[in-house]
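Residue numbers (our numbering): 4 to 264.
All residues carry an ideal CB built from backbone N, CA and C; glycine is no exception.
It should be emphasised that the depicted structure is a prediction, and the values quoted were computed from it without experimental measurement.
One structure below.
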């Protein structure tokens, strides 16, 4: 059955936690007296497609500050498993009333995310009648602007069938690897080849520079603005040149291999 497009059908779930091993508390680290999470929410809210945005964090006490921030800023929040992130996502999705048909997955370590990238992904998903779409895939990551779109029914299949720890921690890994689903992969901007997710202090310093450069002039600066800035100032890319993309997934897969020995 062809996907039915409606703004009332689309739930955006933002995955967030405080217990990052490389940069604890990163999602609430401040730039210009505001936490990174607040910039992200401000920049995705103008999407023409999203019915609701929910911050999905865990029941771990370390994540209380995220829940408190959501309450203080009137942002919907959800709490679930810390390590079984797939279960957290699924429980968040089915807790909505009504349950929505389509899910956008974002992660809170991407504070520069932009509503135009999200709308591009949603448009592509519906036009091509997909089960799953992402703009971020090996080797062509749009790191820092990663977006995934998938059907709630597909998430349910992953929740029921994913068994490996890596598949429970990395929400869509089982979906990506399953040939039964109709999947789409396309970058928003072919020339984008940067690492702008925040996983380390060096990543944070680079993102801080970008926000400080643009924010007071235009809070909704675009991915094209960022590309131009980094082309004009290639020295900025030296700041986090040692940071690796998807290091967390690499570690999970490596641990699984070690455990099989």
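Query raised in the report: Terminal residues of the continuous beta strand (DSSP E) containing residue 165?
Result: As a first step, residue 165 must be located in the chain shown, where it is residue number 162. Careful: residue 165 lies outside any beta strand (DSSP E) and carries neither H nor E.
Query raised in the report: Of the choices 208, 58, 200, whose alpha-carbon is the least far from that of residue 238?
Result: Residue mapping note: residue 238 aligns to position 235 of the chain shown, counting from 1. Between residue 238 and the set 208, 58, 200, the nearest pair of CA atoms involves 208.
**Report entry** Other residues of its chain near residue 275: CB distance less than 7 Å, five sequence neighbours each side excluded
**Finding:** Outside the displayed span of the chain (4 to 264) sits residue 275, for which this structure offers no information.
Requested in this report: Go through its chain and collect everything with a Cβ distance to residue 230's Cβ below 7 Å, but skip five positions before and after it.
Outcome: Indexing the chain shown from 1 puts residue 230 at position 227. Answer for residue 230: 192, 194, 195, listed in chain order.
Requested in this report: Evaluate residue 30 with the Cβ neighbour count: other Cβ atoms within 10 Å of its Cβ, from every protein chain shown; 16 or more gives buried, anything less gives exposed.
Outcome: Sequence index remark: in the chain shown, residue 30 carries index 27 (1-based). Classification for residue 30: buried.
Query - Reduced DSSP secondary structure (H/G/I, E/B, other) of residue 75 - result: Locating residue 75 in the chain shown gives position 72, counting from the first residue. Residue state, collapsed to three classes: helix.
Query raised in the report: What are the boundary residues of the alpha helix (DSSP H) that includes residue 19?
Result: In the chain shown, counting from the first residue as 1, residue 19 sits at position 16. Premise fails: residue 19 is in no alpha helix (DSSP H) and is neither H nor E.
**Report entry** Span of the alpha helix (DSSP H), counted from its first residue to its last, around residue 197
**Finding:** Here residue 197 refers to the residue found at position 194 of the chain shown. Note, residue 197: premise wrong, no alpha helix (DSSP H); not H, not E.
Query raised in the report: DSSP on residue 42, reduced to helix/strand/coil?
Result: Locating residue 42 in the chain shown gives position 39, counting from the first residue. Collapsing the DSSP output to three states places residue 42 in a helix.
Query raised in the report: Excluding five sequence neighbours on each side, which residues of the same chain lie with their C-beta closer than 7 Å to the C-beta of residue 174?
Result: What you label residue 174 is simply residue 171 of the chain shown in a count that begins at 1. These residues qualify, in order along the chain: 88, 89, 92, 108.
Requested in this report: Find the nearest neighbour of residue 242 within the set 222, 248, 210, judged by alpha-carbon distance.
Outcome: As a first step, residue 242 is located in the chain shown; it is residue number 239 there, counting from the start. Out of 222, 248, 210, 210 has the C-alpha closest to the C-alpha of residue 242.
Query raised in the report: Helix, strand or coil: which one does DSSP assign to residue 192?
Result: Taking the chain shown and counting its residues from 1, one reaches residue 192 at position 189. Here residue 192 sits in coil by DSSP.
Query raised in the report: For the candidate residues 140, 141, 221, 213, whose alpha-carbon lies nearest to that of residue 240?
Result: Translated into the one-based positions of the chain shown, residue 240 becomes position 237. Comparing Cα-Cα distances from residue 240 to each of 140, 141, 221, 213, the minimum goes to 213.
Query raised in the report: What do you get for residue 38, buried or exposed, if any count of 16 or more other CB atoms within 10 angstroms of its CB means buried?
Result: In the chain shown, counting from the first residue as 1, residue 38 sits at position 35. Per the 10 Å Cβ criterion, buried.
Query raised in the report: Which residue comes first and which comes last in the beta strand (DSSP E) that contains residue 135?
Result: Here the question's residue 135 lines up with position 132 in the chain shown. Where residue 135 is concerned, the enclosing beta strand (DSSP E) stretches over 135-137.
Report task. Note down, in chain order, each residue of its chain lying with its Cβ closer than 6 Å to the Cβ of residue 18, except the 5 sequence neighbours on either side. Result -> Looking up residue 18 in the chain shown gives position 15. Result list for residue 18: 59, 110, in chain order.
Query raised in the report: Does DSSP classify residue 141 as helix, strand or coil?
Result: Position 138 of the chain shown, counted from the start, is the residue given in the question as residue 141. Here residue 141 sits in coil by DSSP.
Requested in this report: Using three-state DSSP, classify residue 174 as helix, strand or coil.
Outcome: Position 171 of the chain shown, counted from the start, is the residue given in the question as residue 174. Here residue 174 sits in coil by DSSP.
Query raised in the report: Where residue 81 and residue 118 are concerned, what is the direct C-alpha to C-alpha distance, given to the nearest angstrom?
Result: Sequence index remark: in the chain shown, residue 81 carries index 78 (1-based). Sequence index remark: in the chain shown, residue 118 carries index 115 (1-based). Whole-angstrom Cα-Cα distance: 22 Å.
Report task. Starting from the C-beta of residue 177, find all residues in its chain whose C-beta is less than 7 Å away, skip the five residues before and the five after it, and write them out in chain order. Result -> By 1-based counting over the chain shown, the position of residue 177 is 174. Counting only Cβ-Cβ distances below 7 Å, and skipping sequence neighbours, we find 161, 164, 165, 170.
Requested in this report: Report yes if the C-beta distance between residue 245 and residue 206 is below 8 Å; otherwise report no.
Outcome: Here the question's residue 245 lines up with position 242 in the chain shown. Here the question's residue 206 lines up with position 203 in the chain shown. Taking 8 Å as the Cβ cut-off, residue 245 and residue 206 do not qualify as a contacting pair.
**Report entry** residue 106, enclosing beta strand (DSSP E) - first and last residue
**Finding:** Here residue 106 refers to the residue found at position 103 of the chain shown. Looking at the DSSP string, the run of the beta strand (DSSP E) that includes residue 106 is 105-110.
Query raised in the report: Buried or exposed: where does residue 200 fall if 16 or more other Cβ atoms within 10 Å of its Cβ makes it buried?
Result: Position 197 of the chain shown, counted from the first residue, corresponds to residue 200. By the 10 Å Cβ count, residue 200 comes out buried.
Report task. Provide the residue span of the beta strand (DSSP E) that contains residue 59, from first to last. Result -> As a position in the chain shown, residue 59 is number 56, starting the count at 1. Where residue 59 is concerned, the enclosing beta strand (DSSP E) stretches over 55-61.
Query raised in the report: What are the start and end residues of the beta strand (DSSP E) that includes residue 220?
Result: Here the question's residue 220 lines up with position 217 in the chain shown. Here residue 220 belongs to no beta strand (DSSP E), and DSSP marks it neither H nor E.
**Report entry** residue 180 versus residue 219 - alpha carbon distance
**Finding:** Numbered from its first residue, the chain shown carries residue 180 at position 177. Numbered from its first residue, the chain shown carries residue 219 at position 216. Approximately 42 Å, taken between the alpha carbons.
Report task. Put residue 85 into one of helix, strand or coil per three-state DSSP. Result -> One-based indexing of the chain shown puts residue 85 at position 82. Three-state result, residue 85: coil.
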